[in-house]
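If you read the protein sequences in the order shown, they are chains D and R. Each residue of the first sequence is one higher than the last, beginning at 2 in the working numbering. Each residue of the second sequence is one higher than the last, beginning at 2 in the working numbering. Quick reminder that beta carbons are idealized off the backbone N, C-alpha and C, glycines included. Values in this document were obtained by computation on a predicted structure and should not be read as measured data. Below is one structure, written out as structure tokens; comments come after it.
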Amino acid sequence: EDKVVQSPLSLVVHEGDTVTLNCSYEVTNFRSLLWYKQEKKAPTFLFMLTSSGIEKKSGRLSSILDKKELFSILNITATQTGDSAVYLCAVGGAGGTSYGKLTFGQGTILTVHP
Amino acid sequence: DTAVSQTPKYLVTQMGNDKSIKCEQNLGHDTMYWYKQDSKKFLKIMFSYNNKELIINETVPNRFSPKSPDKAHLNLHINSLELGDSAVYFCASGDRAGNEQFFGPGTRLTVL
Chain D
2 EDKVVQSPLS
12 LVVHEGDTVT
22 LNCSYEVTNF
32 RSLLWYKQEK
42 KAPTFLFMLT
52 SSGIEKKSGR
62 LSSILDKKEL
72 FSILNITATQ
82 TGDSAVYLCA
92 VGGAGGTSYG
102 KLTFGQGTIL
112 TVHP
Chain R
2 DTAVSQTPKY
12 LVTQMGNDKS
22 IKCEQNLGHD
32 TMYWYKQDSK
42 KFLKIMFSYN
52 NKELIINETV
62 PNRFSPKSPD
72 KAHLNLHINS
82 LELGDSAVYF
92 CASGDRAGNE
102 QFFGPGTRLT
112 VL
């Protein structure tokens with residue numbers, strides 16, 4: 002069965018700190034890895050990664066994928082209170098019954114204090 | 002607004018009842034999904050439909066029956082509700098490859 006594991010499960014930091022969130026996976030047919038941010042309601046898309054070693058960046062957030070070691074990290078620099086959320090990692094399947102299916106990790110709860 | 006919408010946002014009901022949740026997307030996507038998020042925030046896929054055809058059907062009790070009248074709508078009907086069905090149900094849409102999926106606001110179902 003496909004598995005996605007995130008660490009840490011929760012993290013409390015102060016504004017201005019830099020955080021690194023981890024996601025490791027074991028899937029039968031890997032196609033992509035996605036990061037989502039979930040505040041009070043719906044998850045919102047952050048990044049999709051398909052190739053190893055290519056960093057995706059959006060403002061203070063960046064992410065990179067290592068397909069050999071089967072993990073990804075999400076970095077947030079100069080954190081702000083608005084970054085407080087649950088960060089979800091998901092892996093997309095590539096073929097057969099996995100095609101189109103996203104398997105999510107359990108999420109990392111990030112709390113940023115002023 | 003272009004979006005994925007769900008109704009109702011909250012649903013409180015008694016065990017044994019039957020209820021439905023509706024989902025609509027106006028993003029022009031071919032594929033729609035239902036996810037269940039439990040109290041520990043674990044998001045798990047239940048079903049996906051591509052252009053009205055069932056593509057993914059995870060090991061979900063057959064009390065749950067999705068219906069897609071057209072590719073912009075995917076409804077979820079639940080029969081004989083149980084306590085364990087209490088969760089937030091999210092509808093999402095995207096392409097069949099599982100690229101970026103857009104999520105609806107969720108329906109919080111509470112079974113008493």
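Chain R within 8 angstroms of residue i, Cβ atoms only
| i | result |
| --- | --- |
| residue 115(D) | no |
| residue 60(D) | no |
| residue 5(D) | no |
One or two residues paired with residue i in a DSSP bridge
| i | result |
| --- | --- |
| residue 48(D) | 36(D) |
| residue 7(R) | 24(R) |
| residue 109(R) | 11(R) and 89(R) |
| residue 54(R) | 51(R) |
| residue 67(R) | 77(R) |
| residue 33(R) | 50(R) and 94(R) |
| residue 76(D) | 21(D) and 63(D) |
| residue 114(R) | Examination of residue 114(R) is not possible in this model, given that chain R is present from 2 through 113 alone. |
| residue 8(D) | 23(D) |
Nonlocal neighbours in the same chain, by C-beta distance under 7 angstroms from residue i, ignoring five residues either side
| i | result |
| --- | --- |
| residue 83(R) | 16 and 112 |
| residue 72(R) | 31, 52 and 53 |
| residue 43(R) | none |
Chain D contact residues for residue i, given Cβ-Cβ distances below 7 angstroms
| i | result |
| --- | --- |
| residue 106(R) | 42 and 43 |
Check: residue i C-beta below 7 angstroms from any heavy atom of the ligand SAM
| i | result |
| --- | --- |
| residue 91(R) | Among the components modelled here there is no ligand, and therefore nothing to report on the ligand SAM. |
Interface partners of residue i on chain D, CB under 8 angstroms
| i | result |
| --- | --- |
| residue 91(R) | 43 and 44 |
| residue 49(R) | 101 and 102 |
| residue 41(R) | 107 |
Cut-off 6 angstroms between Cβ atoms - residues of its own chain near residue i, not counting five sequence neighbours on either side
| i | result |
| --- | --- |
| residue 22(D) | 75, 88 and 109 |
| residue 77(R) | 22, 35 and 67 |
| residue 102(D) | 94 |
| residue 74(R) | 25 |
| residue 65(R) | 79 |
| residue 53(D) | 66, 67 and 68 |
| residue 69(R) | 50, 53 and 75 |
Neighbourhood of residue i by C-beta, 8 angstroms cutoff - its chain only, sequence neighbours within 5 removed
| i | result |
| --- | --- |
| residue 59(R) | 45, 46, 47 and 48 |
| residue 14(R) | 20, 82, 110, 111, 112 and 113 |
| residue 14(D) | 20, 80, 111, 112, 113 and 114 |
| residue 55(D) | 65 and 66 |
Under 9 angstroms by beta carbon: chain D residues contacting residue i
| i | result |
| --- | --- |
| residue 55(R) | Within chain D, no residue comes near residue 55(R); the closest Cβ sits about 12 angstroms away, beyond 9 angstroms. |
Any C-beta of chain D under 8 angstroms from that of residue i
| i | result |
| --- | --- |
| residue 44(R) | yes |
Legend entry - chain R contacts made by the segment 11 to 26 of chain D, where a contact means CB separation under 8 angstroms: none
Inset, instruction - Identify each residue in the segment 12 to 36 of chain R for which the Cβ-Cβ distance to at least one residue of chain D is less than 7 angstroms, and report them in chain order. - result: 32
Legend entry - Residues of the segment 75 to 90 of chain D whose Cβ lies closer than 8 angstroms to any Cβ of chain R, in chain order: 87 and 89
Inset, instruction - Can you give me, in chain order, the residues of the segment 62 to 74 of chain R that have a beta carbon less than 9 angstroms from any beta carbon in chain D? - result: none
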